[in-house]
Amino acid sequence: MRVFAAVLTAALLSAASTISVAADAPWTLDRLMNTLGAKKSGRAHFTETRYLKIAQEPLESSGELLFAAPDHLEKHTVSPKPENLVVDGDMLTVDRNGRKVTIPLRNYPELGAFIESIRATLAGNRFALENAYKVQIAGRGDDWTLTLVPIDSRMRQKVSSITLAGTGAALARVEIRQADGDRSLMRLQDASAH
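Under the numbering used here, the first residue of the sequence shown carries the number 40, and numbering increases by one thereafter.
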């Protein structure tokens, strides 16, 4: 489940950019998809807090996220210990504790569908996104929230909802609520200009 949540988070957070949006402009799902899909690559620093029932204290991690269209995602965790997750095409590579494992996504249809939905979001493909999630948008361009609830019952057994919040194309927060009650909250700061 950690890899599943990490891949989702990397994919979604890497969409950060600095497109300016008028505060009073109507904000629709189509407009958000167009705005997020306009940036073909990006980098963001992240701080993630995971709240797990089995842990007495929240678990903190930090690092960097990278995205390159159409299908390359990376999450490089620096603290508390190094870990790299890379999704490239149909392959997920996990590099942890000096061990590297590569998994073909086609062998894991639920995870593959999940990744493709994220790619659809970054590409601004509303149709593909709505094939995998019930989608709800709230707010305006200067303060929006996108809530995704998986349609597939097998995916809902793992993730009950994903909430993204941001300003324009600058994604500031992603919260993943797991079906078992655990959750993670990731905050990000755009690093593309640095």
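Note that CB positions come from ideal geometry on N, CA and C, so glycine has one too.
Identify, in the order they occur along the chain, each residue of the same chain with its Cβ nearer than 8 angstroms to the Cβ of residue i, setting aside the five sequence neighbours on each side.
i, result
"Met130", "Thr141, Ile142, Pro143, Leu144"
"Phe71", "Here residue 71 turns out to be Leu, not Phe, going by the sequence shown. Excluding residues within five positions, the ones whose Cβ falls inside 8 angstroms are Ile176, Trp183, Leu185."
"Thr139", "Residue identity check: residue 139 is Lys in the sequence provided, not Thr. If we look at Lys139 and ignore the five residues flanking it on each side, its Cβ neighbours are Thr132, Val133."
Quick check on residue i: buried or exposed, where buried means 16 or more other Cβ atoms within 10 Å of its Cβ?
i, result
"Pro109", "exposed"
"Phe106", "buried"
"Gly128", "exposed"
Less than 7 angstroms between C-beta atoms, sequence neighbours within five positions excluded: which residues of the same chain meet that for residue i?
i, result
"Ser200", "Thr186, Leu187, Val188, Arg216"
"Ala218", "Arg195, Gln196, Lys197, Val198, Ser199"
Ordered along the chain, which non-local residues of its own chain (more than five positions away) have a Cβ less than 6 angstroms from that of residue i?
i, result
"Thr88", "Pro97, Glu99, Leu224"
"His115", "Gly102, Glu103, Asn123"
"Lys79", "Ala108"
Considering only the alpha carbon of each residue, which of the options lies closest to residue i?
i, options, result
"Leu68", "Pro121, Gly220, Gly207, His111", "Gly207"
"Ile154", "Leu227, Met194, Lys139", "Met194"
"Ala171", "Asp229, Ser192, Leu71, Ala94", "Ser192"
"Phe85", "Ser118, Asn73, Phe166, Ala94", "Ser118"
"Asn136", "Gly220, Tyr147, Pro121, Val126", "Pro121"
"Ala94", "Gly220, Tyr147, Ala167, Glu113", "Gly220"
"Ala230", "Leu75, Ala83, Thr74", "Ala83"
"Leu75", "Arg179, Asn164, Arg222", "Asn164"
Query - Start-end ranges of the alpha helix (DSSP H) lying completely within the stretch 68-128, minimum 4 residues - result: Qualifying alpha helix (DSSP H) stretches, in chain order: 68-76.
Requested in this report: Give, in chain order, every unbroken run of the alpha helix (DSSP H) that is at least 4 residues long and sits entirely within the stretch 163-202.
Outcome: Listed in chain order, the complete alpha helix (DSSP H) runs (minimum 4 residues) inside the stretch 163-202 are 165-171, 192-195.
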